[in-house]
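*Asks:* Encoded as C-alpha cells, here's the structure I'll be asking about.
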Amino acid sequence: MNNSSAAIRRAFHEFFAERGHSIVPSASLVPPNDPTLLFTNAGMVPFKDVFLGREQRPYQRAVSAQRCVRAGGKHNDLENVGYTARHHTFFEMLGNFSFGQYFKRDAISYAWTFLTETLGLPAERLWVTVYEDDDEAAGIWLDEVGVDPARFARIGAADNFWSMGDTGPCGPCSEIFYDHGPEVPGGPPGSADEDGDRYVEIWNLVFMQYERGADGALTPLPSPSIDTGMGLERIAAVAQGVTNNYDIDLFRHLVDATARLIGTDDREGSSLRVIADHIRACAFLVVDGVLPSNEGRGYVLRRIIRRAVRHGYKLGVSEPFFWRLVEPLIGEMGEAYPELANNRELVERVLRLEETRFRETLEQGLRLLETDLADLTGDTVPGETVFKLYDTFGFPVDLTADVVREQGLHLDMAGFETAMSAQRERARAASVFRAEYGGAADFGGTTEFSGYEVREDAAQVIGLYRDGGAVDALAPGDHGMVILDRTPFYAEAGGQVGDTGHLLASGVEFSVEDTQKYAQARGHLGHMVTGELRLGDAVDARIDGAKRDRTTLNHTATHLLHAALREVLGEHIHQKGSLVAPERLRFDFAHFEPITADQLRAIEARVNAWIRRDEAGEIFETEYDQAIEMGAMALFGEKYGDRVRVVRFGDVSTELCGGCHVSTTGRIGLFRLIAEGGVSAGVRRIEAITGAAAVERVQNDAQTLEEAAAKLRVAPDNLLVRLDQDIDKVRSLERELGRMKQRLASQAGTELADSAQVIDGVRVLAARVESAGESLRDTVDQLKNKLGSAVIVIAADDDGKVRLVAGVTTDLTDRLRAGDLVNHVARQVGGRGGGRPDFAQAGGSDAAALPAALESVTDWVQEQLNQ
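Numbers given in our numbering equal positions in the sequence shown, counted from 1, plus 66.
The structure is reproduced here in C-alpha cells:
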C-alpha cells in the first residue's frame, strides 16, 4: 500500500470500519467540560466519560485519528522538540476502542493483522511486551498469534499497567515495538539500554478490566473495555523506513517549505524541525479557539509561537514568516482536517500579529542575554537573568533554556524561582482581600434559591456569623453574615453581582449589602440596623428590586453582545470574564487585535436590532450533551453538571447560564457601548450600559456636541469640518516650531563642537544645555555630523529631572556603545536608560550630581578604548 502519512491514516480508519467500528472525527484540542486537562493529550480523552460510565454513545466500537498536544502542564514535551527523533508538541494518535464489546483476543488480533498484513511490516521485526502478571494476554500472543518467545517480554507495572487516576478504571497493557536493526543503537524493551532508538514503541493496547478502589483493591469490571493508541508519526517513520519522525513525508514537506521560505539549503538543523513541528500545534490550537495570552492555554500557544520565531531569527529571518507556513500545512493536512482550511485567514492573522509583537522585543532581549553570557563565569546562567528576560521581555523560561542549551549552558532554576517568589510576594502584599469570609469556605447547610420566580420570600435563619466565626445572635450595629434556608437573593456567580436588600421581622432589620455562595449555602453579608436576629428566627427576605431589574437588563445584553461579537469579529471569540452590575456590564474576550470604530458600530447596531425584535426568552434545564448539541455556548474550563440551565433568545443567543434575565429583549430598551480596550495581550474588554442609563448617555453626548459646536461657533453638523481645519492649522504651526528647534540645535551644535576633547583620536564631548525635549536628539545628530568620529553626551535639567542623550558614530560602535555610556552617566544621577549602539537616552532625578557625572565621561571613554 501507499505508505504516506495520509494513506496510513485512511487505511487505519478503513481497517477498523470494516470490522464494525464507527469512525469518530477528531475532537477539539481543548477538552470540553473537563478542567482537569489543559489540552487533549491522548486518543482516549474524548471517550473518558464513556469509559467512566457517565456517557452513552450510539456505538460500542470506535476508531479515530485524534489530534493531541503535549506542551504545558503535566504532559510537556516542548523543550525536547527539535532535539530528539520522536518528541512533538502536536501529534496524531490513531486508536481503536471497545466499550464492553470485545476484549484482549480481538484487540491483539486486530493490531497484529493491521501491522503485518495491511502495512506489511515483517513479523520478525516486531517485539511484544505484556504486564508481568497478565497470563491471558501472554497466552494469546505466544500460543495463538505465534510471536517468537525471543521477541517477547513481561514488564512491570511502571510501564505496562495503565490507570485513569488514583481510583477508577485501570488495567494491564500490551505494547508492540519495532526493531530498526542493529545499525541503530539501543536495546530491546526491558533491557538496560532500552531508551535507545533501535526499538521504538509503536502501539499500546490497554485492557481496561479493573476498578481501583480508594483502598487500592482491584475489582473486575462488569464490561471490560479496550483503549489503544498508535502515534501516526511513529508508525509512518517505520512504514517509510526512517528512524527519525522528522524524516517522514509530512515533516519533510513542511521542512522543505520552511527552508524555501527562509532561503536556506540546510535541511538538517534543529531549527527547521522546530518550526515545522510548531506550525502544526499553533495552527490547530487557533482553529480550536485558543488565542495567545498570558495565562493558561493561551500562554502555552504564545510560548510555542515565540520559540518558533526565535529559531527563525536564528536562521537570519528579518521579517514575519511563521504565518506563511499555514498554506503548506493546509496542503499536507487540509484534506483530513477541513476546519484548518476553513479557518486559514484567522490562523494567519493571529500568528502574524503575535510574531510582529514579539519581534519588537526579541532582538533587545537576546542582546541582553548575550551581554550577560559574555560576562558569565561557569556554565550556569543566573536566575536573575532568566527572570529579567521573562518579566521584562516576555521570554518564556523554556525559550531561554533553548538558547543557552545551544551553548552548552544551564539555567539556575532555583534562583529563577526565588525571583518569581519575591514577585508573587510583592503582588500579594499589594493586593487587598476581603478575607473575613473566604469564598471557598463551607459554612454548612443548604439554601434553596427562589429568586428566579419571586423578589420576596419567607425564610428561616439557619446560620449567623460575626468576625469570621459562628454566633447565636446579631445585635444592632453588628456586621456579619446570615444564612437562610431559602432566599430570593441571587449570590454572585457567572459575572452577575450578588443581590442587596433587607431581611425583616417584627422590630428587626438586617441590611444585606452583598450575597455570596458558600458550597450549598448562600451568605447574606451586611449589618444589623435595628433589633436582634437569632438562630431559628423567621424573616421576610426582600431584594432591592430596582437594582435587580437594572442588573437583569445588563445580563441579557451581555449574551446579545457575545453573539454580536462572534458575528462581527469571528467565531473564535470566547468569553474570558464578565461583570454584570446594575450600573454597567463588562465583557472580556479572546481577540488578537484592537476593534475598529466600524466594527464597534456594527456590534452596537446588531445588539440594538435584536432588542427591537423583542425576542422572547426561553429558560429551561436539560442534559449537558443535549444543550451542546442545540448549540449552547459553554465556557472553556468551567465544570458543568449532568443537567444545565439554558438561556435562549430566538435564533440569536443560546448559552449555559445560571443568571437572571429579562422575559423579552425589548425590555432592555437601548444598548450603548462606552469603552473598548486591551486587558492583556490577546484579551480585549468592552464596557456598555443599557436602559435608562443608555438613554441618559445619549442625551449627555448630544448636549456635549451642541456645546462644543457653540464654542467653535459652527452648527453641530459642521463641527467635524471645523475641527479638521483647526487641526491642520495646529500641525502647520508644529512643523514651523520643529524647523525653528532644528535651527537652534544647529547653532548650539556649532558652539558646543569647539569644546570637544580628543582621546586617542576620538572626539569626546560631554555638555549641559538649557533646551530639552526633542531638541536634544537633534543636537546630538548635528554634533555627529560636525565632529566626525565622536562620542557625545548631552544633558538637560527640566525642573530638577535630568534628561540624557548619548550618541556614538557608527565607526566606533564596535568598541563603544551608546547604551552603556548613557547608563554609566545615568547611574550617577539616580536613573537608568537604554537604546541602540549608536544612540541612547536616559533619565535621572539627582540634578546636583550632573556636573560630576558629565566629567566622568572622558575617563569612561579612555577606559573602554584601552580594553
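Just so it is clear, CB atoms sit at the ideal spot from N, CA and C, and this is done for glycine as well. Here the structure is a predicted model, which is why all the values come from computation and not from measurement.
Count the other C-beta atoms from every protein chain shown that fall within 10 angstroms of the C-beta of Asp-792, then say buried if there are 16 or more, exposed otherwise.
*Replies:* Answer is exposed; the Cβ neighbour count stays below 16.
*Asks:* What would DSSP say about Ser-516, mapped onto helix, strand or coil?
*Replies:* coil
*Asks:* Whole angstroms is fine: what's the gap from Arg-672's alpha carbon to Glu-558's?
*Replies:* 29 Å
*Asks:* Quick test of the definition: if touching needs 3 or more C-beta pairs under 8 Å, does the segment 179-196 touch the segment 293-309?
*Replies:* yes
*Asks:* Within 10 angstroms of the Cβ of Met-547, are there 16 or more other Cβ atoms? Answer buried if so, exposed if not.
*Replies:* buried
*Asks:* Let me know the secondary structure DSSP gives Met-159 once reduced to three states.
*Replies:* The DSSP-derived three-state label of Met-159 is strand.
*Asks:* Under the three-state reduction of DSSP, which class applies to Ala-559: helix, strand or coil?
*Replies:* strand
*Asks:* Taking the alpha carbon of Val-846 as the reference point, which residue from Val-874, Leu-338, Leu-570, Lys-867 has its own alpha carbon closest?
*Replies:* Val-874
*Asks:* Using the Cα positions of Ser-497 and Leu-284, report the straight-line distance between them to the nearest angstrom.
*Replies:* Any reading at Ser-497 must be qualified, since the residue scores a pLDDT of 36, below 50, and its modelled position is unreliable; the value itself is stated next. When rounded, the distance between both Cα atoms is 48 Å.
*Asks:* For Asp-100 and Trp-178, what's the separation of their Cα atoms in angstroms?
*Replies:* Rounded to the nearest angstrom, the two C-alpha atoms are 34 Å apart.
*Asks:* Gly-364: which of Val-470, Tyr-168, Pro-462, Leu-298 sits nearest, CA to CA?
*Replies:* Pro-462
*Asks:* Compare the C-alpha of Lys-454 against each of Leu-442, Leu-475, Leu-432, Leu-357 and name the closest.
*Replies:* That would be Leu-432, whose Cα lies nearest to the Cα of Lys-454.
*Asks:* Could you tell me which whole beta strand (DSSP E) segments of length 3 or greater appear in the segment 208-294?
*Replies:* 218-221, 227-229, 234-245, 265-278
*Asks:* Could you tell me if Val-796 is buried or exposed, where buried requires 16 or more neighbouring beta carbons within 10 angstroms of its beta carbon?
*Replies:* exposed
*Asks:* Could you tell me whether the segment 851-861 touches the segment 887-899, where touching means 3 or more Cβ pairs closer than 8 Å?
*Replies:* These segments touch.
*Asks:* If you follow the beta strand (DSSP E) that Tyr-312 is part of, which residue opens it and which one closes it?
*Replies:* Element bounds for Tyr-312: n/a, residue is neither H nor E.
*Asks:* Check whether the segment 588-607 and the segment 561-575 are in contact - that is, three or more C-beta pairs closer than 8 Å.
*Replies:* yes
*Asks:* Could you tell me if Gln-641 is buried or exposed, where buried requires 16 or more neighbouring beta carbons within 10 angstroms of its beta carbon?
*Replies:* buried
*Asks:* Please give me, in chain order, every unbroken run of the alpha helix (DSSP H) with length at least 4 that falls completely inside the segment 440-480.
*Replies:* Complete alpha helix (DSSP H) runs here, min 4: 449-459, 463-471.
*Asks:* Using a threshold of 8 Å, state whether the C-beta atoms of Tyr-244 and Pro-255 are closer than that.
*Replies:* Contact: no.
*Asks:* Ignore the nearest five residues each way along the sequence and tell me which others in Met-699's own chain have a CB closer than 6 Å to its CB.
*Replies:* Glu-721
*Asks:* Measure the Cβ-Cβ separation of His-638 and Gly-355 and say whether it is below 8 Å.
*Replies:* yes
*Asks:* Report, in whole angstroms, the separation of the C-beta atoms of Val-111 and Pro-124, which I expect to be a contact under 8 Å.
*Replies:* The pair is not a contact, with the Cβ atoms about 19 Å apart (cut-off 8 Å).
*Asks:* Per DSSP, what kind of secondary structure is Met-34 in: helix, strand or coil?
*Replies:* Residue coverage of the chain in this structure runs from 67 to 933, which leaves residue 34 outside it and unanswerable.
*Asks:* Got a sec? Which residues, its chain only, sit under 8 Å from Gly-744 by beta carbon, not counting five neighbours each side?
*Replies:* Same-chain partners within the cutoff: Pro-660, Arg-750, Arg-751.
*Asks:* Buried or exposed: where does His-246 fall if 16 or more other Cβ atoms within 10 Å of its Cβ makes it buried?
*Replies:* buried
*Asks:* Between the alpha carbons of Thr-553 and Leu-601, how many angstroms are there, rounded?
*Replies:* About 16 Å.
*Asks:* For Tyr-584, list the residues DSSP reports as bridge partners.
*Replies:* Ala-587
*Asks:* So, for Glu-929: in the same chain, excluding its five sequence neighbours on each side, which residues have a beta-carbon less than 8 Å away from its beta-carbon?
*Replies:* Excluding positions up to five away in sequence, the list is empty.
*Asks:* Does Gly-378 come out as helix, strand or coil in the three-state DSSP assignment?
*Replies:* helix
*Asks:* Between which two residues does the alpha helix (DSSP H) harbouring Ile-609 extend?
*Replies:* Taken as a continuous stretch (DSSP letters only), Ile-609 belongs to no alpha helix (DSSP H), being part of the beta strand (DSSP E) at 604-609.
*Asks:* Is DSSP giving Gln-692 helix, strand or coil here?
*Replies:* helix
*Asks:* Find out if the Cβ-Cβ distance for the pair Val-211, Ala-204 is shorter than 8 Å.
*Replies:* Taking 8 Å as the Cβ cut-off, Val-211 and Ala-204 do not qualify as a contacting pair.
*Asks:* Quick check: the Cα distance between Ala-501 and Gly-534, rounded to an integer number of angstroms?
*Replies:* At Ala-501, the pLDDT of 42 sits below 50, so the modelled position is not reliable and the matter cannot be decided from this model.
*Asks:* DSSP state of Asp-864, grouped into three classes?
*Replies:* strand
*Asks:* Buried or exposed: which applies to Pro-917, given that a residue is buried once 16 or more other Cβ atoms fall within 10 Å of its Cβ?
*Replies:* exposed
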